[in-house]
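Before any comments, here is the structure.
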Amino acid sequence: MALLELDGLQVSYGAIQALRGVSLEVHDGEIVTLIGANGAGKSTTLNTISGLLRPRRGAVRLDGEDLTLVPPHGIVARGVVQVPEGRRIFGRLSVLENLQLGAFTQRSSHAIREGIARAFALFPRLQERAGQLAGTLSGGEQQMLAIARALMARPRILLLDEPSMGLAPVLVEQIFEAVRRINREGTTILLVEQNAVMALETAQRGYVLETGAVVLQGPAADLQANPEVRRAYLGQ
Ligand SMILES: Nc1ncnc2c1ncn2[C@@H]1O[C@H](COP(=O)(O)OP(=O)(O)OP(=O)(O)O)[C@@H](O)[C@H]1O
Ligand SMILES: [Mg+2]
Numbered sequence: 002m003a004l005l006e007l008d009g010l011q012v013s014y015g016a017i018q019a020l021r022g023v024s025l026e027v028h029d030g031e032i033v034t035l036i037g038a039n040g041a042g043k044s045t046t047l048n049t050i051s052g053l054l055r056p057r058r059g060a061v062r063l064d065g066e067d068l069t070l071v072p073p074h075g076i077v078a079r080g081v082v083q084v085p086e087g088r089r090i091f092g093r094l095s096v097l098e099n100l101q102l103g104a105f106t107q108r109s110s111h112a113i114r115e116g117i118a119r120a121f122a123l124f125p126r127l128q129e130r131a132g133q134l135a136g137t138l139s140g141g142e143q144q145m146l147a148i149a150r151a152l153m154a155r156p157r158i159l160l161l162d163e164p165s166m167g168l169a170p171v172l173v174e175q176i177f178e179a180v181r182r183i184n185r186e187g188t189t190i191l192l193v194e195q196n197a198v199m200a201l202e203t204a205q206r207g208y209v210l211e212t213g214a215v216v217l218q219g220p221a222a223d224l225q226a227n228p229e230v231r232r233a234y235l236g237q
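Okay, so the sequence shown: first residue is 2 according to the working numbering, each after it adds one.
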């Protein structure tokens, strides 16, 4: 059984239908990417998985359990944790305070300390800046903090919404390396990206979303070789 399954999701904003029957699966241990142009419905898909939006039709299932009536905090508690587009860290709190807030689902202080140690091992730069106000971090450091904060909730599946957006190439490399490491250490990942080159190099499988519908899917290597994908998304 899939860890996460989207089954015929239809989502509207008023009269605008943003998702027109999206189905996809993510299996335990995978990195799966969802690529697509501006406005294709990528963020809408992630926000529906997280319970921030409710589908008009269709279902989101985690280990077979329907999440569509579970409140957002319950979805986080079940191990589905999103890093939203644009990072949304708490700028007037320190790096360490941001991490502590990410641990709101963890009860023991031991688990929180362990989580902070793991976050600092993954992103040593955050340790050097533990006391710094998060709003004064660079864009790349803020993305590291947003990912590290999500990991504090000990996700089974991490939903990443365009983690490379607006970052210089060297930082993009670092973020994708961190994504691979998080996955190697046992977290399943659904990666939304406009950077299809990096996303298809990082993921095992992918889905291509166009105007609210999945138009192509398959192993990342097949998508990389697909002439339509090469023309529309890989700039070749
Ligand atoms: N709050 C909203 N109200 C009305 N329409 C919305 C809202 N949010 C998104 N949309 C519309 O839904 C469609 C899908 O938007 P979405 O943000 O999911 O796209 P996306 O693939 O994440 O794009 P991007 O790559 O630019 O982030 C777009 O046509 C967008 O204009
Ligand atoms: Mg988006």
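For every residue, glycine included, the Cβ atom is placed at its ideal position computed from N, Cα and C.
Taking ALA149 as reference, the option from THR203, VAL193, ARG126 with the minimal CA-CA separation is ARG126. In this structure the segment 184 to 193 does not lie against the segment 100 to 111, because fewer than three pairs of beta carbons, one per stretch, are closer than 8 Å. ASP162 carries a strand assignment under DSSP once its states are collapsed to helix, strand and coil. Runs of alpha helix (DSSP H) with 4 or more residues, each lying fully within the segment 119 to 187, are found at 125 to 129, 140 to 152, 170 to 185, listed in chain order. Excluding sequence positions up to five before and after ASN99, its CB lies within less than 7 Å of the CB of ILE90, PHE91, ALA135, LEU146, ARG150, all in the same chain and listed in chain order. Per DSSP, the continuous alpha helix (DSSP H) segment holding ARG232 begins and ends at 228 to 233. Taking the CA atoms as reference points, ASN48 sits about 15 Å from GLN18. Going by C-alpha positions, GLY213 is about 22 Å away from ASP223. LEU192 and GLY75 have their C-alpha atoms roughly 21 Å apart.
Excluding residues up to 5 positions away in sequence, GLU26, VAL27, HIS28 lie with their Cβ nearer than 7 Å to the Cβ of ALA3 in the same chain. When DSSP reads this structure, GLU86 sits in no beta bridge, so it has no partner. In the three-state scheme derived from DSSP, where H, G and I count as helix and E and B as strand, GLU66 is classed as strand.
Taking a cut-off of 6 Å from the heavy atoms of ligand 1, the residues with a C-beta inside it are TYR14, ILE17, ALA19, GLY37, ASN39, GLY40, ALA41, GLY42, LYS43, SER44, THR45, GLU86, GLN195. Going by DSSP, PRO220 is part of no alpha helix (DSSP H) but of the beta strand (DSSP E) stretching over 214 to 220.
In its chain, beyond the 5 residues on either side, ASP162 have a beta carbon closer than 7 Å to the beta carbon of PRO85. Residue pairing by DSSP places ARG58 opposite GLN11 in a beta bridge. Remark: the C-beta of GLU211 is outside contact range of ligand 2, defined as less than 7 Å to any heavy atom.
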